[in-house]
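Asks:
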Amino acid sequence: MHTNPPRHHPVEIAPDTFVIQATQGEGVAPMAVHLNSMVIRGREPIVVDTGAATHRDRYLEDLFSLVDPEDVRWVFLSHDDADHYGNLDAVMAACPHATLVTSWFQWERMENMPTIPPFRLRWIDDGGTFEANGRTYAAIRPPVYDSPTTRGLYDTGTGVYWASDCWATPVARGTANVDELDAADWRDGFTMFQLMNSPWLSVVDDARYQRSVDRVADLHIRAIASAHGPAITGGNVAVAMDMLRGLAGMDVPEGPGQPMLDEIVNGLLADAAADGR
17 MHTNPPRHHP VEIAPDTFVI QATQGEGVAP MAVHLNSMVI RGREPIVVDT GAATHRDRYL
77 EDLFSLVDPE DVRWVFLSHD DADHYGNLDA VMAACPHATL VTSWFQWERM ENMPTIPPFR
137 LRWIDDGGTF EANGRTYAAI RPPVYDSPTT RGLYDTGTGV YWASDCWATP VARGTANVDE
197 LDAADWRDGF TMFQLMNSPW LSVVDDARYQ RSVDRVADLH IRAIASAHGP AITGGNVAVA
257 MDMLRGLAGM DVPEGPGQPM LDEIVNGLLA DAAADGR
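Residues are numbered in my numbering as their position in the sequence shown, beginning at 1, plus a constant of 16.
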């Protein structure tokens, strides 16, 4: 077992659209969780979320292997969790021509973003749009989320939808596409993660929830990228929508407890002993 997570290189999921992959817990815990972000190349490159600060060196290396920081024009922040804005200041400092697409509520919850001047911001809430690369990008909140500031990003040109935390699932190791997962394992992991991340699903009104799923399904998405799971493409997009519809009213499962923590600690101690530390 190793504390330094394995390296996973960016994967292209649509023309000029790359998921920048990272994982947490891989090689340490029985299951790993992705900490992904995304970048869209073009005349006006768009950085979508900025990953976790713990992966800063790798993240910046991967990001700027795909786009020149001088060319980046937009940074889209899906919500105000640290694993989504962890490298925001570094990206904004390196990309002097970039505008941060945020919202008033994000701005408030992040203490008015003191290191980013207001003239470098654009406030776009759920349902808002902006134009770049000759097409429209829409901020559409996913049906499942854990932060009130959450907005996904839909690219009308490629049909890619950045779903933030929605469709997250734990994996045994870093995995580029859900095609690589066992179907039952995918469904079980997806269900567990959504219910734990959004426990309000257990008490949500089913009819209203289904309308929120309809809103996203009606976008005719061709590929789904998320921060905490493999990409979803092809026929699996429809499967993913069906899985999402079944969550309303489900009981929240019990999360991993002390036995899993003991397993992690024992593995780290054994690793340290093997290394002679």
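C-beta atoms are modelled at their ideal positions from N, C-alpha and C, and glycine is treated no differently.
For His113, I'd like the list of residues in its chain whose CB is within less than 8 Å of its CB, leaving aside the five on either flank, ordered along the chain.
Replies: For the purposes of this step, residue 113 is identified with residue 97 of the sequence shown, where counting begins at 1. These residues qualify, in order along the chain: Glu86, Asp87, Val88 and Arg89.
Asks: Apart from the five residues just before and just after His18, which ones in its own chain have a Cβ nearer than 6 Å to its Cβ?
Replies: Within the sequence shown, residue 18 is the residue found at index 2, counting from 1. Any reading at His18 must be qualified, since the residue scores a pLDDT of 45, below 50, and its modelled position is unreliable; no value is offered.
Asks: Counting C-beta neighbours from all protein chains within 10 Å, is the total for Leu116 16 or more, i.e. buried, or is it exposed?
Replies: One-based indexing of the sequence shown puts residue 116 at position 100. Residue burial is scored here from C-beta neighbours: Leu116 has at least 16 other C-beta atoms within 10 angstroms and is therefore classed as buried.
Asks: For the region 113–139, which segments carrying the beta strand (DSSP E) assignment without a break, of at least 3 residues, lie completely within its bounds, in sequence order?
Replies: 115–118 and 137–139
Asks: Quick check on DSSP: helix, strand or coil for Asn52?
Replies: Taking the first residue of the sequence shown as position 1, residue 52 is located at position 36. DSSP places Asn52 in coil when its eight states are reduced to three.
Asks: Touching or not, the region 29–37 and the region 48–59, by the rule of three or more beta carbon pairs under 8 Å?
Replies: yes
Asks: Taking only beta-carbon atoms, is Gln226 less than 7 Å away from chain C?
Replies: Absent from the structure is chain C; it holds one protein chain and no more.
Asks: Taking the CB atoms as reference points, tell me whether Ala264 and Asp222 lie closer together than 7 Å.
Replies: By one-based count along the sequence shown, residue 264 stands at place 248. By one-based count along the sequence shown, residue 222 stands at place 206. In contact: Ala264 and Asp222 (Cβ atoms closer than 7 Å).
Asks: Sort out for me which residues DSSP pairs Asn193 with in a bridge.
Replies: Position 177 of the sequence shown, counted from the first residue, corresponds to residue 193. Note: Asn193 sits in a beta bridge opposite Ala247.
Asks: Name the DSSP beta bridge partners of Phe92, please?
Replies: Looking up residue 92 in the sequence shown gives position 76. BP columns for Phe92 point to Val64 and Val117.
Asks: Contact check, Gly168 vs Arg157 under 8 Å by CB: the rounded distance?
Replies: Indexing the sequence shown from 1 puts residue 168 at position 152. Indexing the sequence shown from 1 puts residue 157 at position 141. The Cβ separation is near 6 Å, so the contact holds.
Asks: Report all residues from its chain with a CB closer than 7 Å to the CB of Pro46; omit the five preceding and five following residues, and keep chain order.
Replies: In the sequence shown, the residue the question calls residue 46 occupies position 30. Counting only Cβ-Cβ distances below 7 Å, and skipping sequence neighbours, we find Met276 and Glu279.
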